[in-house]
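Data block below; observations after.
Number of protein chains: 2
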Amino acid sequence: MPRSRHSEALRAAQMYYLQDLTMDAIARELRTSRSTVSRLLSSARESGLVQIQIRSPLDSAPELERMIRSHYGVDVHVVPVLDTLNEAETLDRVATQAARTIGPLVDSNAIIGVAWGATISAVSRHLTRKITHGSTIVQLNGAGNMQTTGITYASDIMRRFGIAYGARVEQFPVPAFFDHASTKTAMWNERSVQRVLDLQARMSIAIFGVGSVHSDYPSHVYAGGYLDESDLNLLASSEVVGDVATVFFRADGSSDGITLNERSTGPSHEQLRQVRRRICVVSGASKINGLRGALEAGLATDLILDEATAKQLVSFGSAP
Amino acid sequence: MPRSRHSEALRAAQMYYLQDLTMDAIARELRTSRSTVSRLLSSARESGLVQIQIRSPLDSAPELERMIRSHYGVDVHVVPVLDTLNEAETLDRVATQAARTIGPLVDSNAIIGVAWGATISAVSRHLTRKITHGSTIVQLNGAGNMQTTGITYASDIMRRFGIAYGARVEQFPVPAFFDHASTKTAMWNERSVQRVLDLQARMSIAIFGVGSVHSDYPSHVYAGGYLDESDLNLLASSEVVGDVATVFFRADGSSDGITLNERSTGPSHEQLRQVRRRICVVSGASKINGLRGALEAGLATDLILDEATAKQLVSFGSAP
DNA sequence: TTCCGTTCTGCACGTTTGTGCAAATTGCTT
DNA sequence: AAGCAATTTGCACAAACGTGCAGAACGGAA
Numbered sequence: 022m023p024r025s026r027h028s029e030a031l032r033a034a035q036m037y038y039l040q041d042l043t044m045d046a047i048a049r050e051l052r053t054s055r056s057t058v059s060r061l062l063s064s065a066r067e068s069g070l071v072q073i074q075i076r077s078p079l080d081s082a083p084e085l086e087r088m089i090r091s092h093y094g095v096d097v098h099v100v101p102v103l104d105t106l107n108e109a110e111t112l113d114r115v116a117t118q119a120a121r122t123i124g125p126l127v128d129s130n131a132i133i134g135v136a137w138g139a140t141i142s143a144v145s146r147h148l149t150r151k152i153t154h155g156s157t158i159v160q161l162n163g164a165g166n167m168q169t170t171g172i173t174y175a176s177d178i179m180r181r182f183g184i185a186y187g188a189r190v191e192q193f194p195v196p197a198f199f200d201h202a203s204t205k206t207a208m209w210n211e212r213s214v215q216r217v218l219d220l221q222a223r224m225s226i227a228i229f230g231v232g233s234v235h236s237d238y239p240s241h242v243y244a245g246g247y248l249d250e251s252d253l254n255l256l257a258s259s260e261v262v263g264d265v266a267t268v269f270f271r272a273d274g275s276s277d278g279i280t281l282n283e284r285s286t287g288p289s290h291e292q293l294r295q296v297r298r299r300i301c302v303v304s305g306a307s308k309i310n311g312l313r314g315a316l317e318a319g320l321a322t323d324l325i326l327d328e329a330t331a332k333q334l335v336s337f338g339s340a341p
Numbered sequence: 022m023p024r025s026r027h028s029e030a031l032r033a034a035q036m037y038y039l040q041d042l043t044m045d046a047i048a049r050e051l052r053t054s055r056s057t058v059s060r061l062l063s064s065a066r067e068s069g070l071v072q073i074q075i076r077s078p079l080d081s082a083p084e085l086e087r088m089i090r091s092h093y094g095v096d097v098h099v100v101p102v103l104d105t106l107n108e109a110e111t112l113d114r115v116a117t118q119a120a121r122t123i124g125p126l127v128d129s130n131a132i133i134g135v136a137w138g139a140t141i142s143a144v145s146r147h148l149t150r151k152i153t154h155g156s157t158i159v160q161l162n163g164a165g166n167m168q169t170t171g172i173t174y175a176s177d178i179m180r181r182f183g184i185a186y187g188a189r190v191e192q193f194p195v196p197a198f199f200d201h202a203s204t205k206t207a208m209w210n211e212r213s214v215q216r217v218l219d220l221q222a223r224m225s226i227a228i229f230g231v232g233s234v235h236s237d238y239p240s241h242v243y244a245g246g247y248l249d250e251s252d253l254n255l256l257a258s259s260e261v262v263g264d265v266a267t268v269f270f271r272a273d274g275s276s277d278g279i280t281l282n283e284r285s286t287g288p289s290h291e292q293l294r295q296v297r298r299r300i301c302v303v304s305g306a307s308k309i310n311g312l313r314g315a316l317e318a319g320l321a322t323d324l325i326l327d328e329a330t331a332k333q334l335v336s337f338g339s340a341p
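Heads up: the sequence lines are chains A and B, in that order.
Numbering-wise, the first sequence is residues 22 to 341 according to my numbering.
Numbering-wise, the second sequence is residues 22 to 341 according to my numbering.
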């Protein structure tokens with residue numbers, strides 16, 4: 022972090038990536054050891070000084086991407102992963118690639134809405150740093166539940182985003198679901214809450230996963246003590262297939278008349294669709310139902326998902 | 022270039038650069054050998070699929086860059102090079118970095134004006150591929166001289182630019198200087214020439230070096246049989262310090278009354294200054310006089326130069 | 001100044017990556 | 001179908017790279 026180290030890292034990065042010198046040659050010019058140069062380059066990469074991106078010309082994008090793109094109208098990034106890998110490993114790789122894909126989209130003065138959940142948590146752990154000015158990270162939905170405040174879990178995610186982009190972090194200190202819709206109405210008039218809602222209304226980027234009701238690997242929302250027995254029955258009887266930021270929808274993307282949403286703290290689908298860039302990260306084919314619903318609802322503009330799930334999506338999609 | 026190889030390269034690049042797998046792991050997933058993966062990655066880099074760039078946040082840009090930027094109002098990229106290296110090696114490194122710096126600036130449908138000379142020739146040899154559509158490379162000034170047509174030399178440069186960006190190439194088949202201004206006037210009315218002039222008028226990017234009269238290592242223009250004895254005397258008596266694309270200027274940037282310019286085929290300074298992005302590449306401190314003149318004339322918006330020359334520029338600049 | 005905790009450095013080693021070469025494959029021609 | 005030239009592959013080796021560790025350098029606090 023000291024100034025001269027930073028500028029040495031810049032020099033080293035220029036020589037390595039722009040002039041194709043070996044670390045050895047750079048070490049000699051910088052009068053230091055090769056291992057130091059290796060470390061300088063690591064830090065240049067980590068601090069976002071070196072940006073590596075992959076631009077796949079649309080016309081050479083694989084079949085899979087083209088089909089999903091044309092069917093759902095989203096910008097799609099399929100993460101190549103062997104179908105045989107376990108869920109945890111797949112998640113890790115999707116998250117790594119998602120973090121790197123998001124990086125270039127973040128700009129100065131952006132307001133970035135971030136949901137919480139296993140997927141986004143994994144993404145937050147792989148973010149690479151990029152210096153921006155005046156950016157804000159805003160939490161999309163409350164995280165408290167009946168047993169715990171859930172605050173640390175969600176706030177760790179938020180904090181990691183904040184650090185990566187040098188952004189201010191705005192938490193949303195409310196439960197995930199209110200017990201009574203009237204409490205929500207009351208809270209929504211509180212000025213502290215309104216500040217957060219106002220930021221959400223001005224988001225330029227939203228980042229979220231999806232929850233799926235019939236997932237082998239149930240989302241936090243369905244398993245973590247956020248909903249009680251009667252709530253779960255309610256979901257079943259409303260034909261809910263999944264959620265985005267704790268707001269539920271059916272297979273056709275509709276969400277009207279799902280009473281639980283009146284007690285949820287996430288942004289309504291209508292509001293979410295106002296956001297210019299809405300990035301959905303999905304790992305694991307068991308989320309396919311939730312994912313399809315979210316896409317039908319038009320919640321995402323960008324979709325990052327593993328190859329196996331992408332294949333599922335296409336095989337369903339071709340016979341609607 | 023075959024389709025499947027291209028998409029294998031894309032997969033490999035995603036796994037390597039976006040998921041941090043080793044080549045070994047990628048080889049296993051792709052059911053091929055590690056060396057093939059190594060080659061796939063090379064081709065992904067060469068074909069411009071992988072873009073590596075270095076974004077130096079302005080506030081941490083080294084002293085040197087800030088001073089030049091504020092003094093001359095150009096966007097400057099100082100290439101770190103030991104002051105002790107010989108000219109040829111310095112040129113090679115400046116050219117490599119220049120080529121990589123130019124890459125990201127080239128877009129589809131761009132019209133790119135390219136001058137010729139030792140510096141730009143070196144740059145052309147280091148270009149990395151980037152696929153664009155509908156771009157055009159247009160030669161800025163004629164290359165013929167009294168002994169040879171100069172065509173192959175200049176056209177090699179042009180061709181390399183064309184290949185790198187998948188662009189159409191428009192040569193400018195005229196001598197560097199006419200013997201008589203009247204011939205130029207006549208030629209300028211030819212439709213074949215007008216097509217080129219029209220393209221030049223619509224350039225979005227211009228790329229050029231500078232010639233310097235008092236360079237140890239004189240430019241092609243001053244040594245290559247383009248000018249005769251009396252021309253050189255003419256330059257001396259007009260206090261010319263250098264040229265850009267065979268159009269001459271004095272130390273203060275002025276070029277009025279330099280009669281040789283009336284016979285030159287390069288774009289007038291006035292015309293050049295219309296171009297949105299004007300990239301000047303300079304290697305070697307002996308070009309300092311020409312460079313200062315070019316900057317005074319406001320010919321460049323972007324300057325790429327080696328560190329030693331940058332230091333010279335600053336030390337002059339601070340005592341104008 | 002001396003002490004101690006922290007950060008940085010270079011070494012040595014193991015890992016990862018690039019590349020010349022011969023064999024295998026591909027694509028085209030006859 | 002067979003032949004041939006051009007390309008691609010895997011091997012084996014050499015070059016380049018990352019990192020744990022011990023010692024050096026640094027930066028306060030006493």
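Think of the CB as a built atom: it goes at the ideal place given N, C-alpha and C, for glycine as much as any other residue.
Asked	Found
So, under 8 Å CB-CB, leucine 326/A and valine 115/A are touching, yes? Tell me the CB distance rounded to an integer number of Å.	7 Å
Checking 9 Å against the spacing of the C-beta atoms, do methionine 179/A and valine 231/A come in under that value?	no
Distance, Cα to Cα, serine 156/B vs alanine 188/B?	5 Å
Is it the case that the stretch 248–261 of chain B contacts the stretch 271–282 of chain B, given that we only count it when at least three CB pairs across the two stretches are under 8 Å?	yes
In angstroms with no decimal places, state the Cα-to-Cα distance between threonine 117/A and alanine 318/B.	48 Å
Leaving out five residues on either side along the sequence, give the residues of the same chain with a beta carbon under 6 Å from the beta carbon of isoleucine 300/B.	Ile228, Asp323
Please tell me whether glycine 263/A and glycine 305/A are closer than 9 Å, where the distance is taken between their beta carbons.	no
Using a C-beta cutoff of 9 Å, does arginine 114/A count as contacting chain B?	yes
Name the residues in the stretch 31–55 of chain A whose C-beta lies less than 7 Å from a C-beta of chain B; which are they?	Leu31, Arg32, Ala34, Gln35, Met36, Tyr38, Leu39, Gln40, Asp41, Glu50
Residues of chain A with a CB under 9 Å from the CB of arginine 90/B: which are they?	Ordered by position in chain A, no residue passes the 9 Å Cβ test against arginine 90/B, which lies about 15 Å from the chain.
Taking only the alpha-carbon atoms, compute the straight-line gap between arginine 294/B and methionine 224/B and give it to the nearest angstrom.	11 Å
Below 8 Å between beta carbons is the criterion; list the residues of the stretch 110–136 of chain A that meet it against any residue of chain B, in chain order.	Arg114, Thr117, Gln118, Arg121, Thr122
Have a look at Phe182/B, Phe199/B, Ala197/B and flag the residue whose alpha-carbon is nearest the alpha-carbon of glutamate 191/B.	Phe182/B
Roughly how many angstroms lie between the CA atoms of threonine 57/A and glutamate 50/A, to the nearest whole one?	12 Å
Where leucine 106/B and serine 77/B are concerned, what is the direct C-alpha to C-alpha distance, given to the nearest angstrom?	25 Å
Which chain B residues sit within Cβ distance under 8 Å of proline 194/A?	Result: empty, since nearest Cβ-Cβ is about 33 Å, beyond 8 Å.
So is valine 144/B in contact with chain A if we call contact Cβ pairs under 9 Å?	no
For arginine 87/B, which residues in the same chain have their Cβ closer than 7 Å to its Cβ, ignoring the five residues on either side in sequence?	none
Starting from the beta carbon of valine 71/B, find every residue of chain A whose beta carbon is closer than 9 Å, and list them in chain order.	Ile73, Gln74, Ile75, Arg76
Applying the criterion that 16 or more other CB atoms from any shown protein chain within 10 Å of the CB defines a buried residue, is arginine 313/B buried or exposed?	buried
In its own chain, which residues sit with a C-beta less than 6 Å from the C-beta of glycine 124/A, not counting the 5 before and 5 after it?	Thr149, Lys151
Any idea which residues DSSP pairs arginine 298/A with across the strands?	Ile226/A
Is any beta-carbon of chain B found at less than 9 Å from that of asparagine 28/A?	One detail in the question is off: residue 28/A reads as serine in this sequence, not asparagine. Yes, its Cβ sits closer than 9 Å to a Cβ of chain B.
If I follow the unbroken alpha helix (DSSP H) through valine 231/A, where does it start and stop?	First-last for valine 231/A: undefined, no H or E at that position.
If you reduce the DSSP assignment to three classes, tell me which class leucine 90/A lands in.	Residue 90/A is actually arginine in this sequence, not leucine. Helix, per DSSP.
Give me the Cα-Cα distance between alanine 46/B and proline 101/A, rounded to the nearest whole angstrom.	13 Å
At 4 residues or longer, what runs of the alpha helix (DSSP H) sit wholly inside the stretch 86–135 of chain B?	108–123
Report the start-end ranges of each beta strand (DSSP E) in the stretch 133–209 of chain A that is 3 residues or longer and not cut off at the edges.	157–160, 189–191
Please classify glutamate 328/B: is it buried, with 16 or more other beta-carbons within 10 angstroms of its beta-carbon, or exposed?	buried
Quick check: does the Cβ of valine 231/B come within less than 8 Å of any heavy atom belonging to the ligand MN?	Ligands displayed in this structure: none; no statement on the ligand MN is therefore possible.
If we ignore side chains and look at the alpha-carbon of each, how far apart do arginine 297/B and isoleucine 309/A end up?	48 Å
If I measure Cβ to Cβ from histidine 154/B and keep anything under 6 Å in the same chain, skipping five residues before and after, which residues do I get?	Ser129
Going by Cα to Cα distance, which pick from Ala48/A, Ile133/A, Arg146/A is closest to arginine 121/A?	Arg146/A
Mind checking histidine 201/B: buried by the 16 CB within 10 Å criterion, or exposed?	exposed
In its own chain, which residues sit with a C-beta less than 8 Å from the C-beta of methionine 22/A, not counting the 5 before and 5 after it?	Because the pLDDT at methionine 22/A is just 45, under 50, the model does not fix this residue reliably, and the value given afterwards should be weighed accordingly. Here the set comprises nothing.
Report the CB separation of threonine 344/A from asparagine 162/A in whole angstroms; it is logged as a contact under 8 Å.	Chain A is shown from 22 up to 341; residue 344/A falls before or after that span and cannot be answered.
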